[in-house]
Structure formats: C-alpha cells, structure tokens
Amino acid sequence: MSSPTTPRSPAPRRPRRHDPGRRDRLIDAALTVIAERGVAGTTHREIARAADVPLGSMTYHFTSLDEVLTEAFTRHADSVARVFDERLSAAQDRDAAVEAVITLVSDDVLGSQRDLVLTVELYVAAARNPALRAVTQAWMARSRQALERHFDATTARELDALIEGLTLHSALSADPMTPEQIRHAIHRHLR
Numbered sequence: 722m723s724s725p726t727t728p729r730s731p732a733p734r735r736p737r738r739h740d741p742g743r744r745d746r747l748i749d750a751a752l753t754v755i756a757e758r759g760v761a762g763t764t765h766r767e768i769a770r771a772a773d774v775p776l777g778s779m780t781y782h783f784t785s786l787d788e789v790l791t792e793a794f795t796r797h798a799d800s801v802a803r804v805f806d807e808r809l810s811a812a813q814d815r816d817a818a819v820e821a822v823i824t825l826v827s828d829d830v831l832g833s834q835r836d837l838v839l840t841v842e843l844y845v846a847a848a849r850n851p852a853l854r855a856v857t858q859a860w861m862a863r864s865r866q867a868l869e870r871h872f873d874a875t876t877a878r879e880l881d882a883l884i885e886g887l888t889l890h891s892a893l894s895a896d897p898m899t900p901e902q903i904r905h906a907i908h909r910h911l912r
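Read in order, the letters of the sequence shown correspond to residues 722 to 912 in this note's numbering.
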C-alpha cells in the first residue's frame, strides 16, 4: 500500500522586474569578472552571478560570450581613451602635452591595478580574436589622434607604442619603472 503524497506547491517565482539597465550592468559585471579571473575564467555564469541576474539574461542580451567580451573591452578602451583625449585636449602647448603623457602613463594607465589588468587581458585576447583586435586598433587610432594634436604622426605612433610598452612592462615586471624613470623615458624619446 502506498501512501498518498501531498502535491507540492511550486516554488515561488521571483517577480519579474523592469530592469532597463541590465545589459549595461552585465557589461560592467563582465569587466569585473575579467579583472578578477581573466578572460579564460570569464563565463556567462560568472558574469550573471556578478551582475546578480538570472543566467538566462546573458543569452537574452548577447548572442555569444565573444559579443560580451567585445562590448566589455570596448567600454574599457573607450573610458581610457576618453581620459587620454581629455588630458591632451587640455594641454596648451607641446611641453604641457609631454607632461600630460607622463601623467597619463604614471597616474591614469598605471594608477589603477584593475585597469592595468583589463588592458593586459585585452592585449592578450586580441592576439587571437579578430573582434578584440578591432577594439585595440580603434583604441590605438584614438590615442594617436589625441597625440597628433601636439606631435607629428610618426612621433604620435612611436609615443603610443612606448605607452603600450610601458603599460606591459609595468604589468609584467617584478621591478616596474618608477614614475621618474617613466618621465625620463618619455622625455628621452621626445628630444
């Protein structure tokens, strides 16, 4: 004889919330996950967890993880490029532009460990992912355009490469350059 089972009531469902900023939050959460775990450790599940949204939100808002990464890295590159642009726009002459570049490297690029990690993660991922390479190409073009306000095109390109090299060196070196050494390197290049 079997005992009668009482029907279970369904688990209460979360009320649907109107969340027009969810896609933006997911992009921000993706940057947080990338900074914490790297691109290799970034998954739909981790991003949804960091954004505190259901996993299904990821596939609702994005077609693939590559799309999320591209959107996230584009946001990161745009924010750094905006600071670059602001600093160089404020420079009244070449000497002020040189100081702006030094401040950009020492304070802005290297001043935030999170931004530094995101930048390196983008560089590494872009080496194999054409969509992310397009993000880095657009970022480099914006940087050079900002530099060309004060330097010729060749110097702007070289200076942009120096900035990227200083960024990678600082991120990877056990003995990164000091702000004084960075200042010296930039001045030496611009003689």
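Cβ coordinates follow ideal geometry from the N, Cα and C atoms, glycine included.
Bear in mind the structure is a predicted one, so any value in this text is a computation, not a measurement.
Looking only at C-alpha atoms, which of the options sits nearest to residue i?
i	options	result
glutamate 879	Asp740, Ala906 and Leu776	Ala906
leucine 868	Tyr844, Ala811, Gly832 and Ile748	Ala811
aspartate 873	Thr791, Leu911 and Asp836	Leu911
arginine 909	Ser894, Gly742, Leu883 and Ala771	Leu883
isoleucine 903	Ser785, His782 and Ser827	Ser827
glutamate 901	Val754, Ile768 and Ile823	Ile823
leucine 747	Arg863, Ala877 and His765	His765
threonine 779	Thr875, Thr857, Ala855 and Ala751	The amino acid at residue 779 is misidentified as threonine; the sequence shows methionine. It is Ala751.
DSSP on residue i, reduced to helix/strand/coil?
i	result
threonine 875	helix
alanine 772	helix
alanine 848	coil
phenylalanine 783	coil
glutamate 869	coil
glycine 762	helix
proline 900	helix
glutamine 834	helix
serine 894	coil
arginine 803	helix
aspartate 745	helix
With a cut-off of 8 Å on the beta carbons, I'd call residue i and residue j a contact; round off their distance for me.
i	j	result
threonine 763	valine 830	Not a contact, Cβ separation roughly 22 Å.
Count the other CB atoms within 10 Å of the CB of residue i; is the residue buried (16 or more) or exposed (fewer)?
i	result
histidine 797	buried
serine 800	exposed
serine 785	exposed
Less than 8 Å between C-beta atoms, sequence neighbours within five positions excluded: which residues of the same chain meet that for residue i?
i	result
arginine 870	Leu809, Ser810, Ala812 and Ala818
Spatial neighbours of residue i within its chain, please: C-beta separation below 7 Å, excluding the five flanking residues on both sides.
i	result
alanine 793	Ile748, Ala751, Leu752 and Ile755
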